[in-house]
Each structure stands twice: as C-alpha cells, then as structure tokens.
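Student:
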Amino acid sequence: MTLLDRFEASAQKIFDVHLHGTENPSAQVLALQKAGVYKAAISTSWSLQNSYRDFSNINFLHGLMFPCANGKVPYSLQTCFTGEEWPSVSWVEQQIKKKRIDYFGEILNQYYGISPSDSLLFPYYTLALKYNLPVGIHTGGAGPDHGSPNFRMEMGNPLLLKPLLSRFPKLKVWIMHSGDQYYQETISIMQENELVYTDISVISNPDIVPAERFSTIMKAFLDAGLEDRIMFGTDNGDILKVLNAVESLDFLSNAQKRKLYYQNAERFFSKSEKH
Numbered sequence: 001m002t003l004l005d006r007f008e009a010s011a012q013k014i015f016d017v018h019l020h021g022t023e024n025p026s027a028q029v030l031a032l033q034k035a036g037v038y039k040a041a042i043s044t045s046w047s048l049q050n051s052y053r054d055f056s057n058i059n060f061l062h063g064l065m066f067p068c069a070n071g072k073v074p075y076s077l078q079t080c081f082t083g084e085e086w087p088s089v090s091w092v093e094q095q096i097k098k099k100r101i102d103y104f105g106e107i108l109n110q111y112y113g114i115s116p117s118d119s120l121l122f123p124y125y126t127l128a129l130k131y132n133l134p135v136g137i138h139t140g141g142a143g144p145d146h147g148s149p150n151f152r153m154e155m156g157n158p159l160l161l162k163p164l165l166s167r168f169p170k171l172k173v174w175i176m177h178s179g180d181q182y183y184q185e186t187i188s189i190m191q192e193n194e195l196v197y198t199d200i201s202v203i204s205n206p207d208i209v210p211a212e213r214f215s216t217i218m219k220a221f222l223d224a225g226l227e228d229r230i231m232f233g234t235d236n237g238d239i240l241k242v243l244n245a246v247e248s249l250d251f252l253s254n255a256q257k258r259k260l261y262y263q264n265a266e267r268f269f270s271k272s273e274k275h
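Taking UniProt numbering, the leading residue of the sequence shown gets 1, the next gets one more, and so forth.
#1: Buried or exposed: where does Pro169 fall if 16 or more other Cβ atoms within 10 Å of its Cβ makes it buried?
#2: Out of Val17, Ser248, Met231 and Trp91, state which residue places its alpha-carbon closest to the alpha-carbon of Arg258.
#3: Which one or two residues does DSSP pair with Met65 in a beta bridge?
#4: Near Glu85, which residues of its chain fall below 6 angstroms by C-beta distance, leaving aside the five closest residues on each side in sequence?
#5: Use the C-beta contact count for residue 315: other C-beta atoms within 10 angstroms, 16 or more gives buried, fewer gives exposed.
#6: Spell out the partners DSSP gives Leu226 in its beta bridges.
#7: Have a look at Gly83 and Ile175 and give me their C-alpha separation to the nearest angstrom.
#8: Output needed for Pro25: all residues of its chain with C-beta closer than 7 angstroms, excluding positions within five of it in sequence on either side, in chain order.
#9: Under 7 angstroms between the Cβ atoms of His62 and Gly233?
#10: Residues in the same chain with beta-carbon distance under 6 angstroms from Ser10, minus the five sequence neighbours each way, listed in chain order, please.
#11: So is the beta-carbon of Phe151 under 6 angstroms away from any non-hydrogen atom of the ligand FMN?
#12: For Arg267, collect the residues of the same chain with a Cβ closer than 6 angstroms to its Cβ; drop the 5 residues on either side in sequence, then sort them by chain order.
#13: Inspect the beta-carbon positions of Pro116 and Leu164 and report whether they are closer than 7 angstroms.
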C-alpha cells in the first residue's frame with residue numbers, strides 16, 4: 001500500500017497548524033495542496049506573510065510572530081513586522097480589528113531569551129483573551145544559524161508556562177513542537193490545563209527526529225489521554241515525509257489520525273476566526 005493509499009484510508013484533509021513563509025509561496029502552496037492541506041496557520045515576516053493573503057486554494061490563518069531579536073525573524077533574518085523587536089500593542093489591535101491577525105505565534109520568547117510568562121508578554125496575552133485568539137509558543141530547542149544572540153535553551157521548557165496559565169486561565173495556548181526534549185513536561189502541563197494543545201511539528205520530521213523517538217513521544221501523549229489535543233504541523237518540513245511518519249505509527253487508529261490531521265485543530269481554532 002502506498003503512502004497516498006494509507007493516507008486516504010484515514011483522512012481526506014489536512015490542517016497544518018505550523019507553517020512559515022518561503023521565497024516561492026506558489027510552489028509551497030501547490031505542494032501543500034497536493035498533500036491534502038486545505039487550511040494552514042502561517043507566521044513569518046509581515047511583508048512575506050501578506051503575500052499569502054490572496055491564495056484561495058488553501059485557507060490561511062495569519063499569525064503574528066514576536067518578539068524579534070534585533071527586529072529580525074530567526075533563520076531568514078527578514079524584518080519581523082515594522083523592524084522593531086516588539087510590535088506596538090495598538091498596532092496589533094488594529095490588525096486584529098482588520099481581521100489580519102488570527103492568532104499570536106510563533107511566540108519567540110525563547111529566541112529572545114525570556115520566559116513565556118515574562119510580564120513583557122502580558123499586554124499581548126490580554127489582547128488574545130479580549131479577541132479570543134489562540135497563542136502558539138515555541139518550545140524545545142532550535143536549529144543552527146538562527147541569528148538570535150540571546151537564545152536560551154532553558155526558556156524552551158513548557159513548565160515555564162505555569163505562571164502564564166495561572167494568570168490567564170482562559171487563554172487558548174498551544175505548545176509548539178510538543179516540547180521536543182521536554183515532551184514529558186508538555187504532557188504534565190496539558191493534563192493540568194484543558195485549554196492547552198500541542199503540535200507535532202519538528203518531532204514528526206524524520207530529517208530531524210528519528211522515527212523511534214517520534215513514536216515514543218506520540219505513544220506517551222496517547223497513553224496520557226491527550227489524543228483530542230494533538231495537532232498536525234510541519235514547520236516547513238517535507239510534508240510527505242511527515243505524513244509518512246504519522247502513517248507509520250501502527251498504534252494510531254484511523255479515528256485518531258483524523259483527530260490529529262484536522263479535527264483537533266478545527267476545534268482549537270474555531271472561535272479564533274471570528275472577531
């Protein structure tokens with residue numbers, strides 16, 4: 001049975017919750033569409049992100065990536081939004097009202113060298129609550145050459161979310177990359193907070209994480225009873241390889257795959273599309 005046959009047996013559509021822009025958006029969108037992506041949450045430099053607003057074959061939800069060390073997006077080093085490290089709160093609210101921001105993320109606190117519970121982020125979390133926007137927070141590690149001089153590995157531990165979740169208990173948060181090496185901490189946070197979701201970006205990419213480790217992490221989430229809060233994401237990895245990694249998990253039922261591929265994400269993002 002081919003990958004396509006296995007995929008079609010378990011799901012008809014994909015919601016990629018973790019996507020960034022590329023130099024060739026048209027080619028990227030075509031590849032995603034061929035893989036079954038009908039909806040995606042994208043965050044990248046503001047100018048590049050705007051080029052995705054005219055695509056109609058995939059429904060893009062637009063995030064706001066911040067804070068940005070030296071005003072630059074990690075890796076690409078493109079201008080984040082206005083070239084400042086932090087976006088003006090009033091500007092952000094204006095963009096929300098214009099329906100140009102659907103969620104906050106990728107929150108880059110770790111690249112900036114601060115905790116996700118740092119008070120510098122509170123005005124933005126307050127806005128997210130006001131407009132019922134989800135917040136996606138980077139966790140785990142990072143690749144080389146990210147260009148963020150203040151990056152701190154220890155700031156990627158999901159346990160640092162505890163003060164934030166205590167102060168903003170109704171905030172919809174998703175832990176990006178499942179915490180990676182901190183996946184057990186992610187599980188602990190999710191068990192304590194029913195509004196917290198996670199995505200499988202990076203950990204599902206066999207070019208970065210071995211298949212055996214991905215299997216171990218996924219099994220741990222399922223054994224913890226969290227199958228309703230895990231979402232599909234590629235982080236610009238080869239989507240066919242990521243799909244193959246998921247389809248190779250023989251302990252996943254077709255119903256669980258459908259939850260992972262789109263149902264959980266639809267539930268998580270449902271109210272964020274209405275301001």
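Glycine included, C-beta positions come from ideal geometry on N, C-alpha and C. Treat the numbers as computed from the prediction; the structure is a model and nothing was measured.
Tutor: Let's see:
#1: exposed
#2: Met231
#3: Note: Met65 sits in no beta bridge, so no partner.
#4: Pro67, Cys68 and Gly71
#5: Shown here, the chain extends from 1 to 275; a query on residue 315 therefore has no answer.
#6: For Leu226, which the question treats as bridged, DSSP gives no partner whatsoever.
#7: 26 angstroms
#8: Ser51 and Tyr52
#9: no
#10: With a pLDDT of only 47 at Ser10, under the threshold of 50, the placement of this residue in the model should not be trusted, and no figure is reported.
#11: Within the structure as shown, the ligand FMN is missing, as the structure has no ligands at all.
#12: none
#13: yes
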